[in-house]
Amino acid sequence: RSTPKPSSAASDVYKRQGSVNVDGGAAANGQRWDVALMGATARVGEHAFRAEISACATGGLRRSFHPTDEDCFVCTFPKSGTTWLQMVCLLVVDERLRSKRSIDAVTEAPWLEAAVATGHCTLRELQDGAYPRNPPRPRRVFKTHATVARFPAAAARRPGGAAAPDPGLKVLVCTRNPKDTCVSLYHHARAMPSETHDYHLTSGWNQFLADFLDGNTAEAEAGDWFDWTLRWHEASLKHPENVLLLHYEAMLKDPAAAVRSVADFLLVDVSDADVALIVERSSFKNMKRDHEAQMADYEKKTGSVTRRPGESAHFRRGEAGGWRSAFSESDAAKFDHLYAIKMAGSGLQHDFG
Ligand code: A3P
Numbered sequence: 021r022s023t024p025k026p027s028s029a030a031s032d033v034y035k036r037q038g039s040v041n042v043d044g045g046a047a048a049n050g051q052r053w054d055v056a057l058m059g060a061t062a063r064v065g066e067h068a069f070r071a072e073i074s075a076c077a078t079g080g081l082r083r084s085f086h087p088t089d090e091d092c093f094v095c096t097f098p099k100s101g102t103t104w105l106q107m108v109c110l111l112v113v114d115e116r117l118r119s120k121r122s123i124d125a126v127t128e129a130p131w132l133e134a135a136v137a138t139g140h141c142t143l144r145e146l147q148d149g150a151y152p153r154n155p156p157r158p159r160r161v162f163k164t165h166a167t168v169a170r171f172p173a174a175a176a177r178r179p180g181g182a183a184a185p186d187p188g189l190k191v192l193v194c195t196r197n198p199k200d201t202c203v204s205l206y207h208h209a210r211a212m213p214s215e216t217h218d219y220h221l222t223s224g225w226n227q228f229l230a231d232f233l234d235g236n237t238a239e240a241e242a243g244d245w246f247d248w249t250l251r252w253h254e255a256s257l258k259h260p261e262n263v264l265l266l267h268y269e270a271m272l273k274d275p276a277a278a279v280r281s282v283a284d285f286l287l288v289d290v291s292d293a294d295v296a297l298i299v300e301r302s303s304f305k306n307m308k309r310d311h312e313a314q315m316a317d318y319e320k321k322t323g324s325v326t327r328r329p330g331e332s333a334h335f336r337r338g339e340a341g342g343w344r345s346a347f348s349e350s351d352a353a354k355f356d357h358l359y360a361i362k363m364a365g366s367g368l369q370h371d372f373g
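Numbering of the sequence shown is given in my numbering, commencing with residue 21 and proceeding in unit increments.
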């Protein structure tokens with residue numbers, strides 16, 4: 021068993037904090053992992069932390085995590101409807117959740133690399149099915165933002181290798197038009213409470229957009245939007261039984277059809293009444309209400325701050341085409357030009373609202 025050698029200054033900080041947990045190190049500290057993640061980014065910097073997620077947690081997962089046929093993955097470029105698809109998957113796979121008063125999709129379907137990197141589970145607990153520590157459900161649902169090449173599982177369970185992955189591997193990818201994704205990511209970066217996000221705050225929208233177009237966002241593990249999206253699109257064409265590609269805008273237009281395709285892909289029978297209930301429980305309005313109540317409750321109990329005051333909420337607008345209020349005409353023209361070049365011949369087309 022080999023532990024990747026920490027190379028950066030960030031690793032030294034993690035060692036001191038006892039929070040790196042690549043091959044079974046520090047025990048979970050009882051914090052919500054997303055808040056632990058914010059704490060870690062505040063200590064060492066967003067870029068360093070995300071690089072660490074890639075280098076350590078992903079390395080360990082890629083060497084030794086063998087998800088079972090009962091696991092499934094929600095995989096997105098950040099700000100493309102991840103939480104929404106997590107919620108839909110959870111509601112599809114676990115009937116009991118459908119009548120639960122309030123569902124915390126972020127905790128119920130954890131971000132795999134972050135859970136390992138922040139010490140919320142060891143690889144062994146993950147492998148043994150002991151994480152997440154909620155009542156066992158028919159399928160575990162995990163979130164990742166990984167590229168195809170960095171998918172957090174051992175070789176036979178990756179969709180990007182030379183051989184076809186095992187038939188039981190199920191990855192649900194949601195893609196969103198990159199203009200709305202970029203605007204959503206900008207607001208997300210502004211709202212994070214870490215001082216290290218000041219790069220985005222001080223440089224403002226113009227620099228952020230330029231960085232996004234250069235594939236240089238703070239979300240290092242997701243990389244360049246165009247590459248990320250094209251590779252997952254190819255994987256969905258090559259391995260349709262393993263990779264389902266959904267479009268955020270199509271989910272908005274027909275959420276019931278999206279729920280049905282998720283259920284078909286995961287081989288779960290759902291009735292019309294189930295579909296209606298899942299659509300209702302995963303609606304923007306309901307998810308926003310529950311999430312904001314959960315965050316307020318959490319902040320009150322722990323004294324933590326999960327977002328900068330005055331910045332947008334995670335559930336911000338939840339629509340297609342909102343980019344128009346952020347992009348100038350020349351921004352939009354530049355974006356369209358690059359989109360046309362990069363996506364040419366792929367057969368993939370996004371709906372810009
Ligand atoms: P906006 O910032 O444009 O409002 P992620 O979960 O990947 O971080 O994506 C967040 C984006 O998805 C936010 O977009 C959020 O409002 C939107 N979103 C979250 N839940 C949604 C839902 N149930 N329906 C529609 N949009 C949703």
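Note that the Cβ used here is the ideal one computed from N, Cα and C, for glycine as well.
Bounding residues of the alpha helix (DSSP H) (the contiguous stretch that carries Thr164): In the sequence shown, the residue the question calls residue 164 occupies position 144. From DSSP, Thr164 is part of no alpha helix (DSSP H) but of the beta strand (DSSP E) over Arg160 to Thr164.
Who does Phe93 pair with in a DSSP beta bridge? Here residue 93 refers to the residue found at position 73 of the sequence shown. Phe162 and Val191, per the DSSP bridge assignment.
Cβ atoms of Gly180 and Val168: under 9 Å apart, would you say? Counting from 1 along the sequence shown, the entry for residue 168 is found at position 148. Counting from 1 along the sequence shown, the entry for residue 180 is found at position 160. Against a cut-off of 9 Å, the Cβ pair of Gly180 and Val168 comes out as a contact.
Please state whether DSSP places Leu286 in a helix, a strand or coil. As a working note, residue 286 is residue 266 in the sequence shown. Reduced to three states, the DSSP call for Leu286 is coil.
Pairing CB atoms from the stretch 222 to 234 with CB atoms from the stretch 335 to 342, are three or more of them under 8 Å? no
Quick one: Cα of Ser204 to Cα of Pro187, how far? Along the sequence shown, read from residue 1 onward, the residue named residue 204 stands at position 184. Along the sequence shown, read from residue 1 onward, the residue named residue 187 stands at position 167. Roughly 34 Å separates the two Cα atoms.
Among Ile298, Leu272, Ser303 and Asn262, the one whose alpha carbon lies nearest that of Leu287: By one-based count along the sequence shown, residue 287 stands at place 267. The residue with the shortest Cα to Cα distance from Leu287 is Asn262.
Measure the CB-CB distance between Glu331 and His253 and report whether it falls below 9 Å. As a working mapping, residue 331 is identified with position 311 in the sequence shown. As a working mapping, residue 253 is identified with position 233 in the sequence shown. The answer is no: Cβ separation not under 9 Å.
8 Å contact criterion, which Ala242 and Pro98 should meet: CB distance rounded: Counted from its first residue, the sequence shown places residue 242 at position 222. Counted from its first residue, the sequence shown places residue 98 at position 78. About 6 Å separates the two Cβ atoms, so the contact holds.
Assign Lys199 to one of two classes, buried (16 or more other C-beta atoms within 10 Å of its C-beta) or exposed (fewer than that). Indexing the sequence shown from 1 puts residue 199 at position 179. Its Cβ being crowded by 16 or more others within 10 Å, Lys199 is buried.
For Val263, which of helix, strand or coil comes out of DSSP? Here residue 263 refers to the residue found at position 243 when the sequence shown is read from its first residue. Strand at Val263.
For His220, which residues from the same chain have a beta carbon less than 6 Å from its beta carbon, with the 5 sequence-adjacent residues on both sides left out? Against the sequence shown, residue 220 aligns to sequence position 200. Per-residue confidence for His220 stands at a pLDDT of 43, beneath the threshold of 50, marking its modelled position as unreliable; the derived number appears in the next sentence. Counting only residues of its own chain and dropping the five nearest sequence neighbours on each side, His220 has a CB closer than 6 Å to the CB of Ala209 and Phe228.
Cβ-heavy atom distance between Glu339 and the ligand A3P below 8 Å? Start at 1 with the first residue of the sequence shown, and residue 339 comes out as number 319. Indeed, a heavy atom of the ligand A3P lies less than 8 Å from the Cβ.
Is it a yes or a no for the stretch 143 to 158 touching the stretch 93 to 109, going by three-plus beta-carbon pairs under 8 Å? No, the stretch 143 to 158 does not touch the stretch 93 to 109.
Tell me whether the stretch 147 to 161 and the stretch 81 to 99 touch, counting them as touching only if at least three CB pairs, one residue from each stretch, are closer than 8 Å. yes
In chain order, each alpha helix (DSSP H) run of at least 4 residues that lies wholly inside the stretch 273 to 324: Complete alpha helix (DSSP H) runs here, min 4: 275 to 285, 292 to 301 and 304 to 322.
Measuring alpha carbon to alpha carbon, tell me which of His259, Pro260 and Ser302 ends up nearest Ala278. Within the sequence shown, numbered from 1, the residue matching residue 278 stands at position 258. When only C-alpha atoms are compared, the closest one is Ser302.
Starting from Trp131, follow its DSSP beta bridges and name the residues at the other end. As a first step, residue 131 must be located in the sequence shown, where it is residue number 111. DSSP output for Trp131 lists Lys163 as bridge partner(s).
Would you be able to state if there are at least three C-beta pairs under 8 Å between the stretch 130 to 138 and the stretch 311 to 331? no
Span separating the alpha-carbon of Pro329 from that of Lys258: Translated into the one-based positions of the sequence shown, residue 329 becomes position 309. Translated into the one-based positions of the sequence shown, residue 258 becomes position 238. Using only the alpha carbons, I get a separation of about 45 Å.
Counting only the same chain and skipping the five closest in sequence on each side, list residues whose C-beta sits under 7 Å from that of Thr10. In the structure displayed, the chain extends from 21 to 373; residue 10 sits before or after that span and is not available.
Under a three-way DSSP split, which group does His220 fall into? Locating residue 220 in the sequence shown gives position 200, counting from the first residue. For His220, the predicted model reports a pLDDT of 43, less than 50, meaning its position is unreliable; a value from the coordinates is still stated below. Reduced to three states, the DSSP call for His220 is helix.
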